[in-house]
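>
Number of protein chains: 2
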Amino acid sequence: MSGDRGCEPVVRAAEIAVSNNRALRVVLLGRRTALEAFLSAGHDRIEIQDAPDVVTMEERPSHALRHGQQSSMARALSLVRSGGADACVSAGNTGALMALGRNTLQTWPGIERPAIIKRIPFHDGHCYVLDLGANVDASAEHLVQFALMGRLMAQAVDGIQEPRVALLNVGQEAVKGNEQVRLAGHMLQTREQSGYIGYIEGSDLFRGVADVVVCDGFVGNVALKTGEGVAELIGDLIRRAFADSWYSRFVAALAAPVLRRIKRRLDPARHNGASFIGLRGVVIKSHGNADVTGLVAAIEQAAREVEHELPRRLGDLLEQVEF
Amino acid sequence: MSGDRGCEPVVRAAEIAVSNNRALRVVLLGRRTALEAFLSAGHDRIEIQDAPDVVTMEERPSHALRHGQQSSMARALSLVRSGGADACVSAGNTGALMALGRNTLQTWPGIERPAIIKRIPFHDGHCYVLDLGANVDASAEHLVQFALMGRLMAQAVDGIQEPRVALLNVGQEAVKGNEQVRLAGHMLQTREQSGYIGYIEGSDLFRGVADVVVCDGFVGNVALKTGEGVAELIGDLIRRAFADSWYSRFVAALAAPVLRRIKRRLDPARHNGASFIGLRGVVIKSHGNADVTGLVAAIEQAAREVEHELPRRLGDLLEQVEF
């Protein structure tokens, strides 16, 4: 209910997702009349459950915790806790989703705070980056927990035996960084089987040097959004360059299939959907401004994590880990 | 002497810069024999001064302070202090340049720590972003000082009467961010003539919504380098897409002038050169890995700041500011 584009694209995305995946069932939580208005007839794997309230984008997490129990967001999380659903997908207020998610589903032992993790694609691979904004003041201990969770994600979902784990820093030399990052680096270095390979810089993110990249949520959020901004800027630059003269427009017409392929690769919607890792259940945060394609990707990400039994495997593995 | 590519591109860049700008004189500081080996004859506006030591990239700033006084970096900064040069350009160790710069040139009253500021271009404008890595743990007070310095930079160099100043944050809502950023926002809001317009996110950096964007050096450094990484990734993607099939190679041949223009616009070397703002002299930090084009851009940035009498005007304006 609380994404930037309202509930219509969410209903459309649910319709597409269930028709793409015959094993998928979707429960839409929100104002029944609003949701029913957009839902086409004949979807026997889409169900609507009424939730009277909506958590707004401006709402403080603490307010959502106290007053948001009848909201679509809280109801969706409760459904996961009760076993009525395997995963919750939301395009709403990130802070509220985090607070309600912790409150409703709880974290695994040893994990103080969940983190937002996302698979970042590049031309011949991908890496997981966390935290992307759940924690804006992560301590060294939190960073170590993020590292362990990211490593388990890469193992469970991608089957990588020994994921390479790096800390995002302002330089590769040991003297670089703030106190939290340096201390986390030291703690990871002395820990067995952490997969820790050292510091990397922002420019290394897409070079395939690490499978898991760990940072504070403030840093990760700003870095990811800056990257999106650069991609948008370059898309704009390419469009302008190919519309510049009669010759460039002529070439653009010939290059249309190539340009379409580039555009498709750059479309952030295809990679929409970040996970709250550390919770005892699958919770996927979609970009607030996601379109139908983006919301389908977020639902598919949820299905993938359920299929790989991510929360249970994370719980099992964390039981064996010493903090 | 201590850039990643050694001193040859520095000598070449000096030669190009003096031939582009007839008012420019360059003093090269470093090992005389190494520099002389690369310098062509007949450059009467390029002078070599011998400096026996080099600050290495791995060196701690504190070590450079104690033992680096005979280094090319320290000698260049001393030359600025004594009036023998108007500006210092270095592609060396950022932390050492910052420490030696503070020690040699001092900061203006009211400025506790210099910041690294860079002009970030986008298609129909640019903005200044600071700090990009001089301070990895900036307090709210430091962020406010950065805001004032950035504002003065935009006024002095670009002649913008009322620059719009924003804080880089993880969201635009007042509740977002860590404590330092929220406190700095409050301080800027209550300060007169700060030009403060509120929070912006990483994705807004290139949208022309602010003339000056303020952040902690850790965040700024990671964001900028991530942006560079994305640009590199997309450049690679475009190259691959146009080399993919006989048809795309055919189109690429026709599109060569358009693609060259795009490539030129994306070349980070053209925008190389960040300033240490807050010092009583012009100090420009070039990317350590800069090529000749990049080093020329850094020298030109130094010349521009000298021309606009940036340090003096900054000092004058800071005298009138209450902290």
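If you read the protein sequences in the order shown, they are chains F and L.
Just so it is clear: in the first sequence, position 75 is 74 by numbering that gives the first Met the number 0, and no numbers are missing.
Just so it is clear: in the second sequence, position 170 is 169 by numbering that gives the first Met the number 0, and no numbers are missing.
By construction, the Cβ of each residue, glycine as well, lies at the ideal position given by its N, Cα and C atoms.
(1) Would you call the region 92-103 of chain F in contact with the region 180-187 of chain F, where contact means no fewer than 3 C-beta pairs closer than 8 Å?
(2) State the DSSP-derived secondary structure class of Gly228 of chain L, mapped to helix, strand or coil.
(3) With a threshold of 6 Å on Cβ separation, who are the neighbours of Arg44 of chain F within its own chain once the five nearest residues in sequence on each side are excluded?
(4) I'd like to check one pair, Gln144 of chain F with Ile110 of chain F: are the Cβ atoms closer than 8 Å?
(5) So with Cβ pairs under 8 Å, would you call Asn220 of chain L a contact of chain F?
(6) Give the secondary structure of Val53 of chain F by DSSP, where H, G and I count as helix, E and B as strand, and everything else as coil.
(7) Give the straight-line distance between the Cα atoms of Gly41 of chain F and Asp203 of chain L, rounded to the nearest whole angstrom.
(8) Looking at the unbroken alpha helix (DSSP H) that takes in His62 of chain L, where does it start and where does it end?
(9) DSSP puts Thr106 of chain F in a beta bridge; with which residues?
(10) Please state whether DSSP places Ile233 of chain L in a helix, a strand or coil.
(11) Can you check which of these residues, F:Arg21, F:Ala22, F:Pro51, is closest to Leu34 of chain F by C-alpha distance?
(12) Determine whether the Cβ of Arg264 of chain F lies closer than 8 Å to any Cβ atom of chain L.
(13) Specify, as a first and last residue, the run of the beta strand (DSSP E) that Val212 of chain L falls within.
(14) Taking 8 Å as the CB-CB cut-off, is Lys117 of chain F touching chain L?
(15) Quick one: what does DSSP say Pro113 of chain F is sitting in, helix, strand or coil?
(16) Anything in chain L within Cβ reach of Arg260 of chain F, meaning under 7 Å, just list it in chain order.
(17) At the level of alpha carbons, what is the spacing between Met152 of chain F and Pro108 of chain F?
(18) Please go through the region 119-202 of chain F and give each complete alpha helix (DSSP H) segment of 4 or more residues, from N-terminal end onward.
(19) Give the range of the beta strand (DSSP E) segment to which Ala16 of chain F is assigned.
(20) In whole angstroms, give me the CA-to-CA distance for Gln171 of chain L and Gly197 of chain L.
(21) Is it true that the CB of Asn134 of chain F sits closer than 8 Å to the CB of His125 of chain F?
(22) With H, G and I counted as helix, E and B as strand and the rest as coil, what does DSSP make of Leu204 of chain L?
(23) Any contact of the region 154-162 of chain F with the region 232-249 of chain F, i.e. 3+ C-beta pairs under 8 Å?
(24) Less than 7 Å between C-beta atoms, sequence neighbours within five positions excluded: which residues of the same chain meet that for Ser77 of chain F?
(25) Against chain C, with Cβ distances strictly below 8 Å, would Lys284 of chain L count as a contact?
(26) Where do the N-terminal and C-terminal ends of the alpha helix (DSSP H) with Leu294 of chain L fall, by residue?
(27) When you compare the CB positions of Val10 of chain L and Leu27 of chain L, do they come within less than 8 Å of one another, or not?
(28) Which residue's Cα is closest to the Cα of Ser244 of chain F: L:Val281, L:Met72, L:Ala254?
(29) Where does the unbroken beta strand (DSSP E) through Val320 of chain L begin, and where does it stop?
(30) With a CB to CB cut of under 7 Å and the five nearest residues on each side skipped, what residues in its chain are close to Val88 of chain L?
(31) Give the interface partners of Asp136 of chain F over in chain L, defined as CB-CB distance under 8 Å, in chain order.
(32) Does any C-beta atom of chain L lie closer than 8 Å to the C-beta of Glu111 of chain F?
(33) Could you give the first and the last residue of the continuous beta strand (DSSP E) run that contains Leu23 of chain F?
(34) Counting along the chain, where does the beta strand (DSSP E) carrying Ile89 of chain F start and finish?
(35) Can you check whether the C-beta of Val166 of chain L is within less than 8 Å of a C-beta belonging to chain F?
(36) Taking only beta-carbon atoms, is Asp235 of chain L less than 8 Å away from chain F?
If we stick to the structure as given:
(1) no
(2) helix
(3) Val17, Arg24
(4) yes
(5) yes
(6) coil
(7) 42 Å
(8) 60-66
(9) F:Leu278
(10) helix
(11) F:Pro51
(12) yes
(13) 211-213
(14) no
(15) coil
(16) Ala240
(17) 17 Å
(18) 139-157, 178-189
(19) Looking at the DSSP string, Ala16 of chain F is not in any beta strand (DSSP E); the run it does join, the alpha helix (DSSP H), is 7-19.
(20) 8 Å
(21) no
(22) coil
(23) no
(24) Thr103
(25) Absent from the structure is chain C; the protein chains it does hold are F and L.
(26) 291-306
(27) yes
(28) L:Ala254
(29) Note, Val320 of chain L: premise wrong, no beta strand (DSSP E); not H, not E.
(30) Ile283, Ser285, Ala297, Ile298, Ala301
(31) Asn177, Glu178
(32) no
(33) Careful: Leu23 of chain F lies outside any beta strand (DSSP E) and carries neither H nor E.
(34) A quick correction: the sequence has Ser, not Ile, at residue 89 of chain F. Counting along the chain, the beta strand (DSSP E) containing Ser89 of chain F begins and ends at 86-89.
(35) Looking at the sequence shown, residue 166 of chain L is not Val but Leu. With 8 Å as the cut-off, Leu166 of chain L does not count as an interface residue toward chain F.
(36) yes
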